[in-house]
Amino acid sequence: AAADISGALRGEEARGAVVICAWPSLELAEVRTSRKRPPMPYVPGLLSFREIPVLAETFEHLSLVPDLVLVDGHGVAHPRRFGVACHLGLLLQTPTIGCAKSLLVGQFSNLGRRRGSWTELTDHGEAIGAAVRTRRGVTPVFASVGWGVNLPLAIDWVLATATRVRLPEPARLAHAAASGRLPAGLR
């Protein structure tokens, strides 16, 4: 499964999306979206407090129960070491992995160019995640522990589900659903 949200930074209603994909085919099994006005204004570093109420409501509408959720955002690779993936996993009591498109905190070096290359993401000497190359020569994604998983497992799931494009397939579908761009045949 994967979860994403759009509109959380702006003042309007946010749209949360959760998709569940079958394993190992990654075929879409269920899509749910919800719209809700976030309960508080945007505060840097506290984005999950805007996103979690919207995502939690979306999860309530699922008919299937996910075994694992890829979250568009960070887990422990966060300035407070508790990003949206940690927050959501704890709330749902479901294993979560943060899979972010951009770096929020930390640094990495010596990442190979081939698919499957990864290197630790560190902050002040602490390993907080990994930069993971999901496609040859393409900008990495940033995987981190959310809740109920370890970093090697997080890296493995990101690579196992990133079969077509830079993002893991469930995360790509959740992003499309949250943005209102999921093709009608997949809804």
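Using the numbering used here, you'd call the opening residue of the sequence shown number 180 and step up by one each time.
All C-beta atoms, glycine included, are put in the ideal place defined by N, C-alpha and C.
This structure is a prediction, so every number in the text was calculated from the model and none was measured.
Which residue from the options puts its Cα closest to that of residue i?
i	options	result
ALA353	GLY186, ILE231 and GLY195	GLY195
ALA309	THR237, ARG292, ARG345 and ALA333	ALA333
ALA339	THR313, MET219 and ARG259	THR313
VAL248	ARG259, PHE261, MET219 and THR273	THR273
HIS257	PRO218, GLU305, VAL328 and VAL344	GLU305
Would residue i and residue j qualify as a contact pair, given that the criterion is a beta-carbon distance under 8 Å?
i	j	result
PHE287	LEU267	no
THR298	ASN289	yes
LEU241	GLU209	yes
LYS280	VAL222	no
SER358	SER185	yes
TRP336	LEU269	no
THR212	ALA356	yes
Quick test of your reading: residue i and residue j, contact by CB under 8 Å. State the CB separation rounded to the nearest angstrom.
i	j	result
GLU192	ARG214	5 Å
GLY295	GLY277	About 19 Å separates the two Cβ atoms, so there is no contact after all.
ALA180	ILE199	5 Å
VAL263	ILE231	7 Å
GLY291	ILE307	At roughly 20 Å, the Cβ-Cβ gap does not stay under 8 Å, so GLY291 and ILE307 are not in contact.
Give me the Cα-Cα distance between residue i and residue j, rounded to the nearest whole angstrom.
i	j	result
LEU283	LEU243	32 Å
HIS303	PRO362	43 Å
ALA201	VAL233	24 Å
ALA341	GLU348	6 Å
GLU236	ARG360	20 Å
ARG293	VAL311	10 Å
PRO203	SER227	30 Å
ASP251	CYS265	12 Å
ARG229	ARG216	9 Å
LEU271	PHE261	15 Å
VAL328	PRO220	31 Å
ARG259	PRO218	21 Å
For residue i, count neighbouring Cβ atoms within 10 angstroms of its own Cβ and tell me buried if that reaches 16, exposed if not.
i	result
VAL317	exposed
ASP246	exposed
ARG315	exposed
LEU225	exposed
PRO331	exposed
VAL344	exposed
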